[in-house]
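So the structure is just underneath, and the comments pick up after that.
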Amino acid sequence: MSTNEEKRNKVALDPRPRARRGRKTTSCSQCHARKQKCNRELPCSRCIQRGIPQLCQWAEKEKGHAMPPERVRTAADTQGTELGQLYIARGAPSFFGNSYFGHQVAARMIQESAPDLPPMSLLSSKDSLQSFRNDSGPFSQVWDLLGLLPRNKVTVDRLIEKFLTEINWAIDTVHPETFRSQFAEFWGRKFGFDEIAGVDLRWLALLFIILAFSVLLDSPTISSPEKRKESEEASLRFYWAARRAIVISPSFHGESLDLVRAGLMVTRYLLYTRQVAESWLTISFAMRMAQAQGMHIDGEKWGLSRKATEIRRRLWSSLYLLDKTIALALGRPYAISDHMCLIKAPDNIWLDGLTDEESSTATAHALSYPTMSTVTRLGSGLGKIAGEIQDRCFGLYPASYDMVIEMDNKLVAWKEKLPSYFAVEDPDLSLDESHTFLPWHRLYLHSAFHFARITLHRPYLLRESITNRFSLSHEACISSASSDLKIRLQSLNYGTSGNMRWTLGTHNMFNSAFILGIIAVRRPIAPQTTAILNDLEEYCERLRKDVWLNEFGLAEVKVVELCILRTTGLAQATEQPGEQAPMSPPEVLPDFMAQERERNPMMSTPMNIESIVADGSPGHPPGSSPDIMWPAVWEDQNFAFPQAADLETWEQMISEIAYHT
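Throughout the sequence shown, residue numbering follows the UniProt record's numbering, covering 1 to 661 in sequence.
Below is the structure:
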């Protein structure tokens with residue numbers, strides 16, 4: 001046997017561990033991954049500064065001589081930890097990392113105080129960093145997103161302040177001081193290759209959607225059309241960047257409150273741009289991110305602090321109201337099931353500016369005293385009724401009219417319990433000056449109430465009864481639609497920021513002007529029809545003057561103008577019962593109909609008044625489908641309005657309803 005073979009055999013039989021060649025690790029895993037100096041404590045100073053002390057770890061071979069004699073957090077330690085102590089995980093305000101706790105697991109954990117809670121599933125920094133080093137992997141995604149930010153910090157600072165001072169206080173998006181400090185920390189990081197791994201995409205998604213709003217606020221209405229177009233394009237770029245970050249961030253970081261807030265604001269952005277159908281998808285995604293953190297279980301059950309519990313309650317209530325109302329508007333299933341949740345309404349108290357110790361002893365106010373939390377507390381109650389309306393009146397099986405009356409009684413009872421400063425009729429405005437958020441919160445609650453009541457009674461708007469059985473639905477529709485339109489006409493007098501605050505509620509999920517237009521078409525010579533037409537014409541005129549009106553808003557204006565046109569034609573024909581009423585002259589048509597008819601000769605022609613009044617034949621109006629009886633479709637409880645951009649469908653529907661008048 002050769003000398004080299006003898007040496008190899010001796011090494012193989014030697015039980016003592018061999019020393020590793022090369023440099024020894026002198027930093028914890030986090031500092032080593034970032035190539036930073038470490039003070040070799042547990043946790044080290046840099047991990048404490050980064051807010052991730054629980055991730056500070058050392059290799060097993062280094063623990064004996066490189067770490068102080070302090071205990072290391074083990075799986076056994078984690079299993080005996082209280083639920084509330086697991087609130088901070090993975091360096092961001094997430095709940096249980098990337099673990100999903102359904103209602104079954106949550107119930108067991110609550111009942112047993114989680115004695116066998118498994119350790120959190122944390123990605124190692126080494127694995128995470130390796131994925132960023134792969135140019136074909138996630139690193140390129142993060143790098144592309146960072147490239148969409150403005151290069152000048154002053155510009156971003158100005159945009160953030162625009163949002164915080166003009167929008168944030170009305171819709172409770174972020175805590176201003178916390179967000180400013182987070183942005184300062186984000187911008188102050190070292191722009192190195194390895195530092196990309198430390199970018200929190202959950203918070204970055206929130207930053208992008210805030211910039212999507214604020215870039216529109218930063219452009220005045222008096223600017224040139226080219227400047228406004230640039231602002232709109234920049235806003236859309238930030239919006240799509242936010243959606244992109246929302247989608248990919250759970251793959252890196254798990255869930256967090258910032259991610260839920262980003263999803264909520266993306267939904268509000270879609271409501272602002274009148275893309276209601278797409279908002280149904282984004283609110284569902286935001287809700288799933290909230291459930292993944294256990295937000296469907298009240299924070300008291302998790303043992304969280306009172307301040308954290310109230311923040312989670314407010315955020316969940318905002319998700320809840322939008323989920324229920326969007327689903328009701330579209331006739332689609334909602335995402336939040338009440339019997340799978342154990343959550344309380346927010347208390348009437350505002351704790352964001354207090355410490356945890358101060359919050360624990362603070363006393364909630366009576367509803368007679370308004371706070372920023374009052375609107376979410378009351379909104380959650382209205383959202384519950386909206387969900388019940390969809391379950392019991394718009395489900396798979398037809399509901400009786402008695403059920404509709406029962407649901408209307410619940411809506412009226414909710415309305416009558418509102419505090420005086422939120423009263424639907426003759427509210428007390430004395431506190432508006434000292435509480436600047438009150439006018440906007442009042443507007444959000446009122447519009448949501450009118451939306452729910454109109455939707456409840458809409459199938460019975462066209463129904464007639466010799467016993468006047470459906471008079472409640474007729475009166476409720478015209479009352480709520482008129483009140484809501486009045487709010488719109490008053491609010492459209494504001495500037496860019498005011499109009500944006502106005503559209504972030506439920507206004508753009510359902511246009512009450514549609515209902516008033518149908519009422520006018522149905523009763524062209526009724527005493528109130530002239531006043532309705534005047535208000536609708538004023539509404540359309542104001543919207544057309546809005547320089548930020550997009551194609552979705554313009555489509556709604558066209559539908560309302562179509563109702564005005566039909567009603568005017570019917571009224572003129574009725575005034576001449578003994579003469580043959582001519583067709584509406586071409587100059588009476590709105591410009592948009594003339595242009596579209598030139599592009600599409602097959603588009604239906606204006607309704608022939610002669611066929612309705614003079615001839616009285618049982619045929620259908622020109623352009624309508626003989627297979628569709630729109631009055632009957634309207635009365636179907638499973639019918640939801642078509643998209644406003646589907647002008648041809650709206651024209652057929654309005655023509656059919658006018659024909660059967």
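Quick reminder that beta carbons are idealized off the backbone N, C-alpha and C, glycines included.
Asked, Found
"Counted within 10 angstroms of its Cβ, other Cβ atoms place I654 as buried (16 or more) or exposed", "buried"
"L257 vs P250 beta-carbon contact at 9 Å", "no"
"Inter-residue spacing [alpha-carbon to alpha-carbon] between F449 and L271", "17 Å"
"L342 - partner residues in DSSP beta bridges", "I297"
"Where E357 falls: helix, strand or coil (DSSP)", "helix"
"Distance between N493 and R453 (C-alpha atoms, nearest Å)", "26 Å"
"Span of the alpha helix (DSSP H), counted from its first residue to its last, around M500", "T496 to T503"
"Local conformation of A658 per DSSP, three classes", "helix"
"Sequence ranges, alpha helix (DSSP H) only - wholly within the region 143 to 194, length at least 4", "153 to 163 and 176 to 187"
"Alpha helix (DSSP H) segment containing residue 665, residue limits", "Look at the range of the chain in this structure, 1 to 661, and you will see that residue 665 is not part of it."
"Whole-angstrom C-beta distance between N550 and T363, which should lie under 8 Å", "The Cβ separation is near 46 Å, so there is no contact."
"Every unbroken beta strand (DSSP E) inside the region 363 to 441 [3 residues or more]", "none"
"Three-state secondary structure (DSSP) of A640", "coil"
"Alpha carbon of G263 to alpha carbon of K35, nearest angstrom", "34 Å"
"Buried versus exposed, by CB contacts within 10 Å (16 or more), Q30", "buried"
"CB of N168 within 9 Å of CB of F394, strictly", "no"
"For E70, three-class secondary structure by DSSP", "In this prediction, E70 has a pLDDT of 40, which is less than 50 and means its spatial position is unreliable; nothing more can be read from the coordinates."
"Whole-angstrom distance between A658 and P459, CA atom to CA atom", "16 Å"
"Nearest to D484 (by Cα), restricted to the options R501, V521, H474 and Y444", "Y444"
"Burial state of Q291, where buried means 16 or more other Cβ atoms lie within 10 Å", "buried"
"Pairwise C-alpha distance: H296 and M340", "8 Å"
"Touch test, the region 232 to 243 against the region 211 to 223, Cβ-Cβ under 8 Å, three pairs minimum", "yes"
"Unbroken alpha helix (DSSP H) run spanning L550, endpoints", "A quick correction: the sequence has Asn, not Leu, at residue 550. It is not in any alpha helix (DSSP H) - N550 carries neither H nor E in the DSSP assignment."
"Distance between beta carbons of V424 and H446, contact taken as under 8 Å", "6 Å"
"Alpha helix (DSSP H) segment containing S480, residue limits", "S471 to S491"
"CB contact flag (T374, R313, <9 Å)", "no"
"Candidates I564, R542 and E556, of which the one nearest I532 by Cα", "I564"
"Distance CB(L462)-CB(I405) smaller than 9 Å", "no"
"Straight-line Cα distance separating F163 from G147", "22 Å"
"Helix, strand or coil at A645 according to DSSP, with G and I counted as helix", "coil"
"Alpha-carbon to alpha-carbon, Y369 and S434", "12 Å"
"C-beta atoms of V521 and R566 nearer than 9 Å", "yes"
"Three-state secondary structure (DSSP) of C56", "coil"
"Contact belief for C477 with I515 at Cβ below 8 Å, rounded distance in angstroms", "6 Å"
"A555 and A645 closer than 9 Å at C-beta", "yes"
"Between the CA atoms of L206 and S181 - distance to the nearest angstrom", "14 Å"
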